[in-house]
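Protein chains in written order, with this note's numbering: chain A, 1 to 338; chain B, 339 to 948.
From the three backbone atoms N, C-alpha and C, an ideal C-beta is built for every residue, glycine too.
In this text the structure is predicted, and so the values were computed from the model without any measurement.
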């Protein structure tokens, strides 16, 4: 990292931004451009792939190779690009509808395969482009255009799905937190394998303020905990609150109360292979009296699909007598007519 | 008594038994041996959709038909010899045996219990004895007897009974045993006991047939028209897979196949998966959509990419084919047709996906459609589909079907240096400015591959502005781009080879076929012509666009009969394109190919009804 061969402006395309004024997508665009400017790749080695939805217009605003796909298929489109050419840095832009509803099957399988893709999941808990229907992450009971009496569906927590699919990298951020998001994206790109970054994204038109409890000035210190590998899990205005394990559950404690000192606070280990504590962190919700976890929650090494495939090709080629089509055509049982 | 020898030009044999009886292996061995000694051969397996349907039932019967001799263009209508390993196999296939034909049965399996399972009466057998030459051999017990010294258990010994019957048939048709013996040595190199048991059973069957003098020996006239050269047996699915790989090598591009297993197309995926040695990347996706969309991604990234499927899978891929149309990326979609609609008849053949291939997408979404017509020319048409895709930046639909996919025939091995050149549209590095939707004289755009400096651009499913490729909702631009896409495909008629006529060119009746009906129609025409009946044959491999001379060729004939394994889709397509002709139709929807007999009957009828 570092030489800053590029600035974020090098990644801007000449296309007019058509997202609504104030849309969280614009801030995420900035984070991605900043992350790319800091990473080592050549500009021509980036490929940005998306599905359908507001977020999926993303490639048009980037001056890189880009592919705007069809609804739900960003994961397989990105997988095809990456498996074909592992040298590319492939970024998948997707939303809660694209990745978790119509594309849910592809989403879990690309994670299971561990294809080295940076998967940016813009979660606004609503369908924006079709003007305000509920999504798989909309809250139970949420009133939307297609649920005028409230939804009767329980939402997905994307991180839970990622862990269920044996995901090795999961992070969570907020659209407006450009600096934090940029840093997470840099780490996601450096991670070998599928890296899912859920970004809470405010839809100013159809679900405005959905994350207010988490992001507002008054509540954010108490309602956000930013995790860093190797650091104690502290939060609150003066970092006086923390998390400890109480039996199998996480518990919010205050330093200095009930004999709790900083030494009692859990230290975040993103590299821990067993997923149980990561799952507990992912599942923390305001409703249950927890802060919401942000930052890189899980980051575990595991071989990527495309690297395994390249290796398999090398291994088979080293052994096989078939080096070209003529060899193949003449292999096995043949005979000569004279 | 001197042994009678009958001389013939062709013979049809069918091996039929339970789906676990090894009938496919038996048939394959016979056809390989026949090809080796100079016969022309065509084979067709007929197997149930269930992997192990209840033993002894008609639903579980697996068959392998083969046709060999002097000039062979199809697997044959009716059998000269049927080998029936149980009553169910006999019941399912008796209608396909020629009058006076030979039936070999394993009497050990013709028990009350098995008759009951097959749902037929034992008394029926007596009637069969009168109409056919039935050879009753206690195959299972004779096999066990022959293998007593091998030390195998009884069940394992019985497993070689298919080789006993193969030995019998080898004797009747005077075939050498050494090819099959070598096959077992190779296949069971690490289990010499098993190889030995199979070889012993084979020889025992051969000797048994010598001893019982059950039927005259046949001398089958070998082919005298086979070109010199090196040959191998080829089936349609392997030929398809290899044709794709050959195109990638010729174009000097890496190859990617995204696919999802589906009968009867799965072998295409399997054959590609074996070819890591050629650097081929096969990707078994989580579903049909994943299969094609990964391929579109790989195509964007600069690979020759393909996806393989059958009818229901093609339906699932429709939206993604449209994406390849609008992004104008090269892609080959192989559709191995099967009986439909819905799950239909997974293991049976049909040509009923033609309309789906031509029209089964939203919007104006033109795709070149070509069809293979023999098992081995699946290689040529898979190669051709790739060449069109790469040279014209378009998805191409290749139609084959279950009949071609599983059928085999001897195939003269081509040399890669003789295959046509493929000039893909990859834009070389540092070659000036790149405009994604700038077109050449054939309306073909250039292909800039991610990783190439300075050509960064975006493609996608939204309508694109001419030249720049930016998203555009301009009304006139959409009309322009729609016409560009249509004309790009239409222009292929200038490149496609012209329609040829076979048979008697002076006929009034032109028989029209497309795809896999070629072999049966050709034989029917040849036989009628040799009987002095005038009839001609035009066969289509290029469907969209139609060959440029189609109208001129059709105009030479008074009557037109379109034969196809569907309700008349190609006839309808021809009517739409050439309303000036009156197309008669001959259709069959039984999951089976035409028989030569029914074709000849239909042609004669039409010629006579002036």
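Contacting residues, own chain, Cβ-Cβ under 7 Å from residue 273 (chain A) (five flanking each side not counted): Excluding sequence positions up to five before and after residue 273 (chain A), its CB lies within less than 7 Å of the CB of 300, all in the same chain and listed in chain order.
contact_flag[the region 561-569 of chain B, the region 583-599 of chain B] where n(CB pairs < 8 Å) is 3 or more: Counting Cβ pairs under 8 Å, fewer than three are found: no touch.
Residue 710 (chain B) - containing beta strand (DSSP E), residue span: Unbroken run through residue 710 (chain B): none, as it is neither H nor E.
Separation of residue 612 (chain B) from residue 683 (chain B), as counted between CA atoms: Computed Cα separation, rounded: 28 Å.
For residue 938 (chain B), the residue or residues it bridges with in DSSP: Answer is none; residue 938 (chain B) lacks a bridge partner.
Straight-line gap, residue 895 (chain B) to residue 845 (chain B) (C-alpha atoms, nearest Å): Distance between residue 895 (chain B) and residue 845 (chain B), taken at the CA atoms: about 7 Å.
Proximal residues, the region 97-119 of chain A versus chain B, C-beta separation under 7 Å: Against chain B - using a Cβ distance shorter than 7 Å - the residues of the region 97-119 of chain A are 105, 106 and 109.
Where residue 365 (chain B) sits in the DSSP three-state scheme: The answer is helix: DSSP assigns residue 365 (chain B) an H, G or I state.
Limits of the unbroken beta strand (DSSP E) element including residue 914 (chain B): Note, residue 914 (chain B): premise wrong, no beta strand (DSSP E); alpha helix (DSSP H) at 907-915.
Interface residues of chain B facing residue 70 (chain A) [CB-CB closer than 7 Å]: Simply 657, 658, 661 and 799.
Ordered list of alpha helix (DSSP H) runs contained in the region 392-462 of chain B, each at least 4 residues: Contiguous alpha helix (DSSP H) elements confined to the region 392-462 of chain B occur at 425-431 and 450-456, taking only those with 4 or more residues.
Partner residues on chain E for residue 59 (chain A), Cβ-Cβ distance less than 8 Å: This model lacks chain E altogether, as its protein chains are A and B.
Whole-angstrom C-beta distance between residue 831 (chain B) and residue 886 (chain B), which should lie under 8 Å: Contact between residue 886 (chain B) and residue 831 (chain B) holds: CB atoms are separated by about 4 Å, below the 8 Å threshold.
Sufficient close CB pairs (3 or more, under 8 Å) joining the region 474-491 of chain B to the region 507-527 of chain B: Segments in contact, no.
Residue environment, residue 893 (chain B), which counts as buried when at least 16 other CB atoms sit within 10 Å: The residue in question, residue 893 (chain B), is exposed, as its Cβ has fewer than 16 Cβ neighbours within 10 Å.
Short-range partners of chain A found in the region 551-564 of chain B, where Cβ spacing is below 8 Å: Within the region 551-564 of chain B, the residues whose Cβ lies closer than 8 Å to some Cβ of chain A are 564, listed in chain order.
The region 102-113 of chain A contacting the region 193-206 of chain A, beta-carbon criterion three pairs below 8 Å: The region 102-113 of chain A is in contact with the region 193-206 of chain A.
Inter-residue Cα distance where the pair is residue 441 (chain B) and residue 547 (chain B): Spanning the two alpha carbons is a distance of roughly 13 Å.
Cutoff 8 Å: residue 368 (chain B) Cβ touching any chain A Cβ: By this cut-off, residue 368 (chain B) is not an interface position.
Contact belief for residue 204 (chain A) with residue 231 (chain A) at Cβ below 8 Å, rounded distance in angstroms: The C-beta distance from residue 204 (chain A) to residue 231 (chain A) rounds to 33 Å, too long to meet the 8 Å contact threshold.
Contact list for residue 676 (chain B) against chain A, beta-carbon separation under 9 Å: None at all; the shortest Cβ gap to chain A is about 24 Å.
Proximity of residue 676 (chain B) and residue 602 (chain B) at Cβ, strictly below 8 Å: Between residue 676 (chain B) and residue 602 (chain B), the C-beta spacing is below 8 Å.
Reduced DSSP category for residue 898 (chain B) - H, G, I as helix; E, B as strand; rest coil: Strand.
Interface residues of the region 614-635 of chain B facing chain A [CB-CB below 8 Å]: For the region 614-635 of chain B, the set of positions with a beta-carbon nearer than 8 Å to some beta-carbon of chain A reads 614, 615, 616, 617, 619, 621, 623, 624, 625, 627, 628, 631, 632, 633, 634 and 635 in chain order.
Identity of the residue in A:164, A:84 and A:15 nearest residue 802 (chain B) by Cα: Closest option to residue 802 (chain B), Cα to Cα, is A:15.
Neighbour-count burial assignment, residue 697 (chain B), 16 or more Cβ in a 10 Å radius: Residue 697 (chain B) should be labelled exposed.
Partners in chain B for residue 334 (chain A), counting only beta-carbon separations shorter than 7 Å: Residues of chain B passing the Cβ test: 568, 569, 570 and 751.
Check: residue 373 (chain B) C-beta below 7 Å from any heavy atom of the ligand NAD: In terms of ligand content, the structure shown is empty, and the ligand NAD therefore cannot be addressed.
Start-to-end residues for the beta strand (DSSP E) that takes in residue 738 (chain B): 733-739 is the span of the beta strand (DSSP E), which, as asked, contains residue 738 (chain B).
Below-8 Å beta-carbon distance, residue 340 (chain A) vs any chain B residue: Given that chain A is displayed from residue 1 to residue 338, the structure contains no residue 340 (chain A) and the question cannot be resolved.
Simplified DSSP state of residue 831 (chain B), which is helix, strand or coil: In this structure, residue 831 (chain B) counts as helix in the three-state DSSP scheme.
Residue 182 (chain A) (DSSP reduced to helix, strand or coil): DSSP, read as helix, strand or coil, puts residue 182 (chain A) in helix.
Straight-line gap, residue 27 (chain A) to residue 754 (chain B) (C-alpha atoms, nearest Å): So the two alpha carbons sit approximately 54 Å from each other.
Sequence ranges, beta strand (DSSP E) only - wholly within the region 67-99 of chain A, length at least 3: Within the region 67-99 of chain A, the complete beta strand (DSSP E) runs of at least 3 residues are 89-95.
Opening and closing residue of the beta strand (DSSP E) in which residue 754 (chain B) lies: Unbroken run through residue 754 (chain B): none, as it is neither H nor E.
Where residue 183 (chain A) meets chain B, residues with beta-carbon distance less than 9 Å: Neighbourhood of residue 183 (chain A) in chain B, by CB distance below 9 Å: empty, with the nearest CB roughly 25 Å away.
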